[in-house]
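In this note's numbering, the protein residues as written are -12 to 79.
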């Protein structure tokens, strides 16, 4: 079974972006996930912070990060499938 890399990228980019958005708002109001966001998100996404503006930056950064990462994974997966299966099995 082959993957559609761009569709995978859009789906996982959406999931990661929305996850950062929601987690940022939860942390802003309750402190939930603060250590995670300060350790991970603030260190890899320039300008990101636990704030209302940061939630939108996280949404954009998360979408782009997930899109690119998952698309690359999808392409690599398809190449591995091409290399490890016979032509007749691949087309079925």
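No residue lacks a Cβ here, since even glycine has one placed at the ideal position from N, Cα and C.
It should be emphasised that the depicted structure is a prediction, and the values quoted were computed from it without experimental measurement.
Residue 18, buried or exposed, once every other Cβ within 10 Å from all chains shown has been counted against 16: exposed
For residue 60, three-class secondary structure by DSSP: Reduced to three states, the DSSP call for residue 60 is helix.
Closest Cα partner of residue 54 within the set -12, -9, -3 and -10: -3
Three CB pairs or more closer than 8 Å across the segment -1 to 10 and the segment 39 to 57: yes
Buried or exposed by the 16-neighbour rule on C-beta atoms within 10 Å, applied to residue 40: exposed
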